[in-house]
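Asker: In the numbering used here, the protein residues as written are 7 to 308.
1. Verify whether the separation of the beta carbon atoms of residue 146 and residue 92 is less than 8 angstroms.
2. Can you find the residues in the same chain that come closer than 8 angstroms, C-beta to C-beta, to residue 223, ignoring five residues on each side of it along the sequence?
3. Between which residues of its own chain and residue 262 is the CB-CB distance below 7 angstroms, once the five residues before and five after are set aside?
4. In angstroms, rounded to a whole number, what distance separates the CA positions of residue 207 and residue 215?
5. In the DSSP assignment, the beta strand (DSSP E) including residue 283 goes from what residue to what residue?
6. What separation, rounded to the nearest whole angstrom, lies between the Cα atoms of residue 131 and residue 285?
7. If distances are taken between C-alpha atoms only, which option among 190, 304, 157 and 174 comes closest to residue 210?
8. Just to confirm my understanding: we take residue 257, look at its own chain, exclude 5 residues before and 5 after, and list those with CB closer than 8 angstroms. What are they?
9. Can you say whether residue 14 is buried or exposed, counting buried as having 16 or more other CB atoms within 10 angstroms of its CB?
10. To the nearest angstrom, how far is it from the Cα of residue 266 to the Cα of residue 161?
11. Rounded C-beta distance between residue 98 and residue 83? I'm assuming under 8 angstroms.
12. Would you check if the region 133 to 140 and the region 222 to 239 touch, i.e. whether three or more CB-CB distances between them fall below 8 angstroms?
13. Within a Cβ cutoff of 6 angstroms, which residues of the same chain sit near residue 138, ignoring the five residues on either side of it in sequence?
14. What did DSSP end up calling residue 251 once you bin it into helix, strand or coil?
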């Protein structure tokens with residue numbers, strides 16, 4: 007199975023099989039969001055920040071790109087993620103125990119987590135049932151450079167421009183996952199995010215609108231990691247836009263994604279958001295604080 011990469015593929019080229027697990031080999035181009043930092047955080051598994059100053063490349067997001075892929079080799083049961091010249095492969099031997107709907111693999115300095123994919127042995131129910139769309143998170147640690155790259159992928163069987171509605175509108179039931187890096191604070195921290203998202207597509211006007219209410223995993227307060235709203239435009243079976251307002255010292259944000267399945271049955275996008283706090287707290291002797299968020303939203307028509 008080879009996923010469509012956009013364009014004019016006929017709607018009957020989209021199968022009803024789930025992207026993962028696959029019975030045959032397939033390669034999917036993906037929309038991505040990337041966060042890179044060099045140095046160590048001051049809490050958790052990353053040790054002491056003071057061993058090396060933390061240098062951060064602010065989060066970015068990119069549209070579906072043939073140079074950024076996630077692939078499955080059915081003959082060997084291997085998943086391979088690719089981003090430019092960097093790649094990593096994972097086999098069943100690299101699979102980690104899981105008690106939820108995610109499946110994670112770890113090999114050396116690389117970790118791959120697949121969200122909401124019907125992996126064998128997983129009994130938990132994903133927040134949204136998807137047949138054509140998947141998303142994942144790849145963390146790549148370069149120990150020699152003391153550098154960590156976090157990438158979110160959204161991928162699957164894209165609708166193709168001939169499979170897109172040209173009238174009406176649709177709202178989607180969604181789920182969201184992300185990572186927030188707070189730096190130029192004392193201490194710098196890395197947090198996994200969850201929350202809620204809204205997404206509406208107006209196919210007649212060729213526009214989309216979305217909203218995010220984010221919180222750290224384990225924190226029950228909705229929106230505690232930021233509330234954001236944005237809008238964008240549709241081009242064939244893909245879309246892109248910007249976040250125009252938000253909390254949590256919002257500075258800017260963008261999202262890139264696509265529609266998946268026949269008649270845009272499903273959607274998914276990656277996002278990057280930046281925040282800047284010129285006064286982290288009264289009397290602080292640290293630099294102004296910055297927030298960088300990357301993540302993914304996927305959904306199915308209600």
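Idealized CB from N, CA, C, for every residue including glycine.
Answerer: So, to answer that:
1. yes
2. 197, 198, 199 and 200
3. 37, 67, 68, 69, 246, 275 and 276
4. 7 angstroms
5. 272 to 283
6. 42 angstroms
7. 174
8. 280, 281 and 282
9. Bear in mind that the predicted position of residue 14 carries a pLDDT of just 34, short of 50, making it unreliable; the figure below should be weighed with that in mind. By the neighbour-count rule (16 or more Cβ atoms within 10 Å), residue 14 is not buried but exposed.
10. 9 angstroms
11. 5 angstroms
12. no
13. 162, 163, 266, 267 and 272
14. strand
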